[in-house]
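In UniProt numbering, the protein residues as written are 1 to 101.
Heads up, the beta-carbon is just placed ideally off N, CA and C, and yes, glycines get one too.
Because the structure is a prediction, the values reported are computed rather than measured.
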């Protein structure tokens, strides 16, 4: 991974960690050389990703994998963090609509 990309992804992780995200949302990273949460695995594409888990109950914990592919990585760190945040909010809304009926 080149230095520019490492710097960009490091900033993305910092921005996401500083967001006020719902306490029922767990975020795991698989961004080699930057942040790798224990237990995450390489993606089939080899792209870095963020795994979002919504803890609805002890037995219900749906997840969404947000792959940071080439399209994401062309953006600024702030834009990537905004896209990830939007995806997390959308995921939470989808799960809430299913859970609430």
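With C-beta atoms as the reference, is residue 92 less than 9 Å away from residue 22?
yes
Name the DSSP beta bridge partners of residue 70, please?
Answer by DSSP bridge pairing: none, since residue 70 is not bridged.
Assuming residue 55 and residue 96 are in contact, meaning their beta carbons sit under 8 Å apart, how far apart are those beta carbons, in whole angstroms?
The pair is not a contact, with the Cβ atoms about 13 Å apart (cut-off 8 Å).
Anyone know if the C-beta pair for residue 8 and residue 67 falls short of 9 Å?
no
For residue 63, the residue or residues it bridges with in DSSP
53
Terminal residues of the continuous beta strand (DSSP E) containing residue 28?
25 to 31
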